[in-house]
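K.L.:
Numbering (my numbering), first residue to last: 25 to 453. I have a structure I would like to understand better, so I am pasting it below and will then ask my questions one at a time.
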Ligand code: PMP
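Here you go:
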């Protein structure tokens with residue numbers, strides 16, 4: 025008879041068998057076994073209840089175990105959980121496509137579904153290359169992107185990530201060599217630096233014959249440093265892209281669905297990209313689903329002369345994921361999202377402000393549902409993660425950054441708990 029496994033048994037098996045993100049198999053970092061998650065709390069099998077400051081990598085915007093999203097998935101499950109999207113279609117995908125077109129800037133009219141953020145970036149880059157190919161400009165195969173960007177872990181996505189920040193530099197020689205410009209100067213309201221514009225113009229004018237697109241995370245560079253920049257840069261970059269026949273690609277995977285206080289970060293600017301990637305919070309963090317949206321110019325351009333777009337993942341437009349996304353969007357659009365995130369921004373500011381007095385802290389900055397405490401030195405995740413758990417919170421820093429991106433439904437009290445835990449852990453460091 026098999027004896028009942030303890031928490032430690034499971035954790036030992038996990039350690040032996042499973043690779044976790046960005047970890048070693050011989051020196052794995054500590055893992056915590058989750059028993060359940062509800063609202064903004066994650067309960068461990070040891071009984072500890074943690075306030076969630078991460079929204080499971082910025083995706084669970086309505087909290088865990090949400091009855092509306094649960095119900096939508098259950099209803100779809102009774103019909104069918106998956107069918108191939110080649111030759112077949114279904115209502116959850118059609119409704120989702122319709123909604124996405126309605127809520128994103130008007131020129132974006134066509135939707136390609138895929139299974140993760142990284143893949144949606146691959147799709148965006150392929151769309152751009154294929155578009156220029158059909159326009160008789162096959163030499164346009166490369167991309168310009170600012171340093172400090174992050175667009176995913178697959179190969180083409182890696183090629184447009186910051187080339188030196190440590191995440192992917194091991195692979196440099198195996199990656200397509202793209203064109204990098206400096207990161208946009210930081211500060212949401214910092215006046216536009218004309219030298220920065222000149223740098224992009226120089227890059228475009230020298231290499232435009234080879235450049236298919238310019239890819240950027242609008243307003244916030246996320247995993248590359250949680251850097252906020254003036255949205256006016258996007259207006260100018262749009263004009264430069266038009267001048268040099270370069271497609272503009274926005275990666276809204278982290279910023280989309282309200283995180284920066286607008287439904288999409290694009291709305292902080294006056295322009296619209298040619299191609300836009302979304303993912304993460306698309307399904308309310310329930311399932312993996314992403315999409316690449318584009319305008320008629322690109323979509324119909326690719327389709328000229330019997331052209332077909334060369335991509336088709338097995339789980340494209342998975343019906344359960346589309347149903348979760350439809351329910352999540354319903355919640356998002358019915359609720360007063362802008363007010364909710366504005367409120368969250370205030371709570372984050374007041375809860376993180378005390379950290380500014382600590383010697384170890386370089387800067388505290390907040391935008392929408394993002395609160396960042398930048399330290400002077402990098403933290404050891406190995407050491408710091410258990411300390412946060414001991415404080416009753418779930419926070420996962422990287423490098424010098426301890427940051428919060430909680431579910432939008434978090435309470436003021438819970439944000440205060442997160443802020444106090446950060447203060448305490450930095451102070452005891
Ligand atoms: N782009 C951005 C801006 C991201 O933040 C991420 C994930 N952190 C990705 C792309 C990759 O998405 P995924 O992890 O779903 O592949």
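From the three backbone atoms N, C-alpha and C, an ideal C-beta is built for every residue, glycine too. Note that the structure is a prediction, hence the values are computed from the model and not measured.
#1: If you run the structure through DSSP and keep just helix, strand and coil, what is residue 165?
#2: Report the residue from 169, 192 and 214 whose alpha carbon sits nearest the alpha carbon of residue 203.
#3: Using DSSP bridges, identify the partner residues of residue 390.
#4: CB residue 124 to CB residue 278, shorter than 8 Å?
#5: I'd like to confirm the pairing. Which residues does DSSP put opposite residue 60 in its beta bridges?
#6: Put residue 75 into one of helix, strand or coil per three-state DSSP.
#7: Within 7 Å: the Cβ of residue 146 and any heavy atom of the ligand PMP?
#8: Give a yes or no on whether the C-beta atoms belonging to residue 166 and residue 229 are separated by under 8 Å.
#9: Look at residue 349 and residue 120 and say whether their C-beta atoms are less than 8 Å apart.
#10: Of all the options 444, 313 and 358, which has the alpha carbon lying nearest to the alpha carbon of residue 92?
#11: Across which residues does DSSP place residue 456 in a beta bridge pair?
#12: What three-state label does DSSP hand residue 402 in the structure shown?
#13: Please tell me whether residue 351 and residue 117 are closer than 8 Å, where the distance is taken between their beta carbons.
#14: Taking a contact to mean a Cβ-Cβ separation below 8 Å, would you say residue 133 touches residue 325 in this structure?
#15: Under 8 Å, do residue 77 and residue 428 count as touching if we go by C-beta distance?
#16: When you compare each of 299, 347, 442 and 141 to residue 175 by their alpha carbons, which one comes out closest?
#17: Spell out a yes or no on whether the region 328 to 339 and the region 399 to 416 are touching, meaning 3 or more CB-CB pairs, one atom from each, closer than 8 Å.
#18: Would residue 105 and residue 344 be called neighbours here (beta carbons separated by less than 8 Å)?
#19: Does the region 398 to 408 come into contact with the region 59 to 69, if we say contact requires no fewer than three beta-carbon pairs (one atom in each stretch) closer than 8 Å?
#20: Tell me whether residue 298 is buried or exposed, calling it buried when 16 or more other Cβ atoms sit within 10 Å of its Cβ.
#21: At the level of alpha carbons, what is the spacing between residue 327 and residue 362?
#22: Compute every distance between the C-beta of residue 43 and the non-hydrogen atoms of the ligand PMP, then say whether any falls below 7 Å.
#23: Along the chain, where does the beta strand (DSSP E) containing residue 428 start, and where does it finish?
#24: Less than 8 Å between the C-beta atoms of residue 129 and residue 284, yes or no?
#25: Hey, is residue 246 close to the ligand PMP, as in C-beta under 7 Å from one of its heavy atoms?
#26: Please find out if some non-hydrogen atom of the ligand PMP comes closer than 7 Å to the beta-carbon of residue 186.
#27: From residue 384 to residue 148, what distance separates their C-alpha atoms?
#28: Where in the region 293 to 365 do unbroken runs of the alpha helix (DSSP H), each at least 4 residues long, occur, reported from the N-terminal end onward?
#29: Could you tell me whether the Cβ atoms of residue 90 and residue 303 are closer together than 8 Å?
#30: Can you tell me which of 244, 224, 245 and 248 puts its alpha carbon nearest to the alpha carbon of residue 237?
#31: Following a CB-centred definition, is residue 141 positioned closer than 7 Å to any heavy atom of the ligand PMP?
#32: Please list the terminal residues of the continuous beta strand (DSSP E) segment that includes residue 132.
P.N.:
Looking at the atomic coordinates:
#1: Looking at residue 165 - three-state DSSP - the assignment turns out to be coil, as it is neither helix nor strand.
#2: Taking only the C-alpha atoms, the option nearest residue 203 is 169.
#3: According to DSSP, which records beta bridges pairwise, residue 390 is partnered with 395.
#4: Cβ atoms of residue 124 and residue 278: not closer than 8 Å.
#5: Answer is 67, bridged to residue 60.
#6: The answer is strand: DSSP assigns residue 75 an E or B state.
#7: Not under cutoff, so the answer is no.
#8: Judged by beta-carbon spacing, residue 229 lies beyond the 8 Å limit of residue 166, meaning their Cβ atoms are not closer than that value.
#9: Yes, the Cβ-Cβ distance between residue 349 and residue 120 is below 8 Å.
#10: Closest option to residue 92, judged by alpha-carbon separation, among 444, 313 and 358: 358.
#11: No information on residue 456 is available, as it lies outside the stretch 25 to 453 that the chain covers here.
#12: If DSSP states are grouped into helix, strand and coil, residue 402 belongs with coil.
#13: No, these two residues do not count as a Cβ contact at 8 Å.
#14: Not a contact, by the Cβ cut-off of 8 Å.
#15: Going by beta carbons, residue 77 and residue 428 fall inside the 8 Å limit.
#16: Comparing Cα positions, the closest option is 141.
#17: Flag = no, the region 328 to 339 and the region 399 to 416 do not touch.
#18: Cβ atoms of residue 105 and residue 344: closer than 8 Å.
#19: Counting Cβ pairs under 8 Å, fewer than three are found: no touch.
#20: Result: buried.
#21: Going by the C-alpha atoms only, they are around 37 Å apart.
#22: For the ligand PMP, not one heavy atom lies less than 7 Å from the Cβ of residue 43.
#23: 425 to 428 is the extent of the beta strand (DSSP E) around residue 428.
#24: Taking 8 Å as the cut-off, the beta carbon of residue 129 is found no closer than this to the beta carbon of residue 284.
#25: Yes - the ligand PMP has a heavy atom lying nearer than 7 Å to the Cβ of residue 246.
#26: Relative to the non-hydrogen atoms of the ligand PMP, the Cβ of residue 186 never comes closer than 7 Å to any of them.
#27: Counting only the Cα atoms, residue 148 lies some 40 Å from residue 384.
#28: If one requires a minimum length of 4 residues, the alpha helix (DSSP H) runs lying completely within the region 293 to 365 are 320 to 327 and 343 to 358, in chain order.
#29: It is not a contact, given that the beta carbons lie outside the stated cut-off.
#30: Residue 224 is the option with its Cα nearest to residue 237.
#31: The ligand PMP approaches residue 141 closely enough that one of its heavy atoms is under 7 Å from the residue's Cβ.
#32: 132 to 138 is the span of the beta strand (DSSP E), which, as asked, contains residue 132.
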